[in-house]
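Protein sequences appear in the order of chains A and B. Residues in the first sequence are numbered consecutively from 565, following the numbering used here. Residues in the second sequence are numbered consecutively from 401, following the numbering used here. One structure is given below, encoded as structure tokens.
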Amino acid sequence: MREPTRRAVMLGGLSLPLAFRARAIGPASEVDIAEIQLASGTVSRPEAWTRLLFELLQSTSVEAEPRVVQVAPDDPALFRHPFAVLAGNAKLPPLSEAASQQLVRYLSYGGFLFIDDTSGERESAFDTSVRAMIRKLFPTRALTTLPSDHSVYRAFFLLHEPVGRVALHRTLEGVAQGSMHPLLYSRDDVSGALDRRPDGSDAFPCTPGGELQRREAVKLGINLLMYGLTSNYKQDQAHVEQLIREGRLE
Amino acid sequence: MTLDWLFGGCCGPGGTLVWTTEAWIVAVAAVGVVLAIVLAALPRPRGGARVAEIGLLAAAGAVLLFAVAGPVWVQEGDRVEPGRYVALVDASRSMQVLDGDGTPRSDKVAARLARLPGAEIYSFGDSLRPGAPTAYDLGDTDLGGALAAIGQRYAGEKLEGLAVITDGIDRGGLRRRVLGEADAVLPRLNGPLTIYQVGEDGGRTDIAVSDVRAGGFAFLRAPFAIEVDVRAVGTSARTLPVTLTRDGQPAGTKTVTLDAEGRGTARFEITPEAVGRFIYEAATPVTDGDAVPANNALSLAVRVVRDRVRVLQVCGSPSFDQKFLRLFLKEDPAVDLVSFFILRTDRDMGAGWDSSELSLIQFPYEKLFSSELWSFDLVIFQNFDYRPYFANNADELLGNIARYVKENGKAFVMMGGDRSFDLGAYAGTPIADILPVQLGVTGEALDADPFTPRLTDGGARHPVTQLVGDPSENSRIWSGLSALDGLNLSRGASQGAAVLLEHPSLKGADGKALPVLAVGEYGAGRSMALLGDSSWRWSFAEAGEGRGNQAYLRFWKNAARWLIGDPEDQPVVVEANRDNYQIGEEVRITTRVRNVSFAAVVDAKVDVTIDGPGGRQTLQGRTGADGSVALALPAADRGAHRVKVVARGAGGQTVGQAQTAYAVTTRDPELEEVEPDSTFLRTLAARTGGLYVAPGEQVDPLRNPEAGRRVRDRAETPLYAAPLVPLAFGLLVSLSWWIRRRVGYR
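This is how it looks when you write it as structure tokens:
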């Protein structure tokens, strides 16, 4: 296995605008990320998400626009961006009724939300308030730990452990709707592993695994985007059978 | 006698006098009489004779008034008459079956009726008719209905008796209730029941297919069972061969083992390979002496439909458009979806990932577009560029898809993007021949300005773009949908294609608006082109506006249904008015013709070919203002008939073809059973307290000695018309006149 260096990742990202890029018909249809911002408790990491979109462009056939937009949960513009993230490290304020209704509608009609606890702690006020928020949004559906054969772990890369800047929990949780999970939640600060300083260097070290762990976090990020686009595609019989035949799945 | 004559009839005691004239008429007459008397009395002097004259005249006036008042003498009373006897005679066709002596059962009816002198006779089949049968030609024998009708007709009367002369082959439900339900409610009888069975048990041979079951429809490529019940009487055979044909062609043979009662069931497992209506016929051999050869075969129409539409979605790049289409297709239980998304291309190989880290599989394009292709009903190319994969055999694989559509009647959809249409280099390939838009754009092949597509006239009619039933509401919904992000440019619609949505401003070289959504029919199949990659906004953005995603779901449901050729969405639809006909009945075949835009085609030439056991028949007609034409022919030959219709427009071009099937039978439902059912008749007699009389037995019927009916009498004597009235009036007036002359007046 080759280990990518920070330089390689950066070169990949920088070289993209110069290389051939597949384009959707209009830029509005290309894949981008909406960053949901609340009055407090959330953090904005546009560099992390932009890097993830570059990685997506570099590694996959997805036509992405490395564009991150900040939206409030009750902003109708949210429906122009089917992939959204909510990152935070402190207690979140309660959602307004309008925001709650819009988020439920967003997730029910095909939107995808990734929530990222950036506190890097085992227990956090953010985690407590996220769970309360989810209970309010989906009173009849629990936030559950995803099984190891979930599609998100094979959406593009074969992942064994989902980690971020930290590796305290090494799991993803989610809320199911039918056979899919339109809401996934990580408590290991995935965006922290992706975030960069203005000079292009990594914003935070990854612990305890260092660059190998960051590499896994990048793979997780790409898988999250891919899962947001293809949902349970990787559970289709043809794929499972082929992967088992090739010895990559048991 | 003289007195009765004078009074105009019998005016016995116990009667009442009824005045029948309106009071005001009597009053007017009274005034007239008084005035006449007064005028006659003036102006003469008084005297004894004078008083007598006026008195007689007044008496005559009173008689006249009595007559005007309309007196009627009414006498009422009851009397009891002897009870009546009623005989019911089975007049169904099963009564024509020959007994062992070579005579039909109906010949025994007269002898039975001879034991019922004075009986009021009715015949019955599916209904009750007064009088003895003149012919035994009725069907659907309904003894229960006949008994109920007698009960109503003689309600309140105790019949002396009720006799039924029948073979017991009841088809109206009474037999099933009597034999199958211990507490069945039976018809109320007005008198003791005597059942005379005609038709001897046994003594005849009959082999019959008594039932064929398949549930009416089956699913394409899914095995289904056809069960055939057979029945044999009067034969020592313990097994029977049963053959099954589909539209006259062999479909299988089974040997059935018969049980002690001569019954058995054959089970055929069939896997239909085509959708449509098919006639299956089960038959057993006709042997010498078979009492009813016509019941040795039975037909059944089976409609084969798709259970799930198999869809192959090939996407060149994961996108929101692909995501929402997959969500729709995956959640539709009627769709069996196989998706292949190109997640990585050669251009993405330099990112530094080892292939062992990836969860990717090889794109099995050769297998998909050769051996596996034919199992799909619909193939969707969503922003898919074939060149990286089909490099060595592009013509063969793309040609397979074109043949799959044109020859196999399957469906193809191309959706837009930067790897689609001209940008996917499909111009000049076999795929271009099945696209409803013309490729070969020179210069820019994309327009990235957002726009709201416009519904065309064709789109207003076409089932694909019918989001709601009301045309104006449908047009309003389309115009209000979220804008699309851009358009794949084309050289306009292909020959014969229909544009359903068009660009509001961009025009082609011919000056026509560029198509956004177009459909076409190619050979036996259909295709659709959606020249954009942002139809997902009709789902997600609409939901964001609080309008839900129904427009998107309805559009794709319509599209899938039309593309796979739902029978109701074909340009030419043909149907017979029934599945089965008796010989001699009229077969009515209706053909409906619509163009690719689903407008009625007027004056289309319709050629109908009917292939059956008797050979080929042809019919011709032209469609009317509603695009339909009905043609008729007599059902002449027994067996399956396949109807093929070709409709041509005014220019002779073929609009479309359609097929259906029907069966003609000589089988008489009334003769499906030929053995008399003595068990039923004995049980019915026992459960009603009646008497069962077997064939040949000479037994008088049960009679109720207390039977009778109370008759209400009413005698009316119109006294105003009695001879006494004019006699008295004339005598009184004459006497008055005589006295008047005697005293010297005129």
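Cβ atoms here follow ideal geometry from the backbone N, Cα and C, with glycine treated the same way. Every value quoted in this text rests on a predicted model; they were computed, and no experiment measured them.
- Per DSSP, the continuous beta strand (DSSP E) segment holding residue 1061(B) begins and ends at 1054-1065.
- Residues of chain A with a Cβ closer than 7 Å to the Cβ of residue 753(B) are, in chain order, 623.
- Taking 7 Å as the cut-off, the Cβ atoms of residue 781(B) and residue 837(B) do not count as close.
- Between the C-alpha atoms of residue 939(B) and residue 952(B) there is a straight-line separation of about 5 Å.
- The C-alpha of residue 454(B) lies about 12 Å from the C-alpha of residue 435(B).
- Straight-line spacing of the CA atoms in residue 1106(B) and residue 519(B) works out to 17 Å.
- Rounded to the nearest angstrom, the Cβ distance from residue 964(B) to residue 797(B) is 22 Å, too far for a contact under 8 Å.
- Neighbours of residue 710(B) across chain A, judged by C-beta separation under 7 Å, do not exist; the nearest C-beta is about 13 Å away.
- In this structure, residue 593(A) lies away from residue 905(B), with their beta-carbon atoms at least 7 Å apart.
- As for any beta strand (DSSP E) of minimum length 3 sitting wholly inside the segment 873-936 of chain B, the runs are 898-907, 913-922 and 925-930, ordered along the chain.
- Contact annotation, residue 621(B) with residue 671(B): C-beta distance approximately 6 Å; criterion of less than 8 Å satisfied.
- Each residue's CA atom was taken as its position, placing residue 747(A) and residue 726(B) some 18 Å apart.
- The DSSP-derived three-state label of residue 636(B) is coil.
- For residue 416(B), the enclosing beta strand (DSSP E) covers residues 416-419.
- Exposure of residue 413(B) is indicated by the presence of fewer than 16 other C-beta atoms within 10 angstroms of its C-beta.
- Think of a sphere of 8 Å around the beta carbon of residue 697(A): no beta carbon from chain B falls inside it, the nearest being about 20 Å out.
- Residue 952(B) carries a helical assignment under DSSP once its states are collapsed to helix, strand and coil.
- Using a 10 angstroms sphere on the CB of residue 626(B), the tally of other CB atoms reaches 16 or more, which defines it as buried.
- Residue 676(A) is a Cβ neighbour of residue 792(A), given a cutoff of 7 Å.
- One finds 794, 795 and 797 in chain A with Cβ atoms closer than 8 Å to the Cβ of residue 726(B), taken in chain order.
- Residues of chain B with a Cβ closer than 9 Å to the Cβ of residue 727(A) do not exist, since the nearest Cβ in that chain sits about 15 Å away.
- A direct Cα-to-Cα measurement between residue 998(B) and residue 1004(B) gives close to 14 Å.
- In the DSSP assignment, residue 628(A) is bridged to 595(A).
- Taking residue 1140(B) as the centre and dropping the five residues before and after it, the same chain places the C-beta of 453 closer than 7 Å to its C-beta, in chain order.
- In the DSSP annotation of this structure, the continuous segment of the beta strand (DSSP E) that includes residue 566(B) starts and ends at 561-566.
- The shortest CA-to-CA distance from residue 1032(B) to any of 1012(B), 1008(B), 1039(B) and 635(B) is the one to 1008(B).
- For the pair residue 944(B) and residue 669(A), the Cα-to-Cα distance works out to about 7 Å.
- By the Cβ rule, the segment 846-856 of chain B counts as touching the segment 878-896 of chain B, because three or more pairs are nearer than 8 Å.
- By the Cβ neighbour-count rule, residue 1018(B) is exposed, with fewer than 16 other Cβ atoms within 10 Å of its own.
- Residue state for residue 865(B) is assigned as helix, using DSSP reduced to three classes.
- When 621(A), 599(A), 601(A) and 611(A) are compared, the shortest CA-CA separation from residue 763(A) is found for 611(A).
- Look at the segment 659-698 of chain B and you find these whole runs of beta strand (DSSP E), each 3 residues long or longer: 663-670 and 676-683.
- At a Cβ-Cβ threshold of 7 Å, residue 678(A) and residue 788(A) count as neighbours.
- Contact check for residue 684(A) and residue 644(A): beta-carbon distance about 32 Å, past the 8 Å limit, so the pair fails to qualify.
- When DSSP states are grouped into helix, strand and coil, residue 404(B) belongs to the helix group.
- Membership of residue 611(B) in the beta strand (DSSP E) is indicated by the continuous run 606-613.
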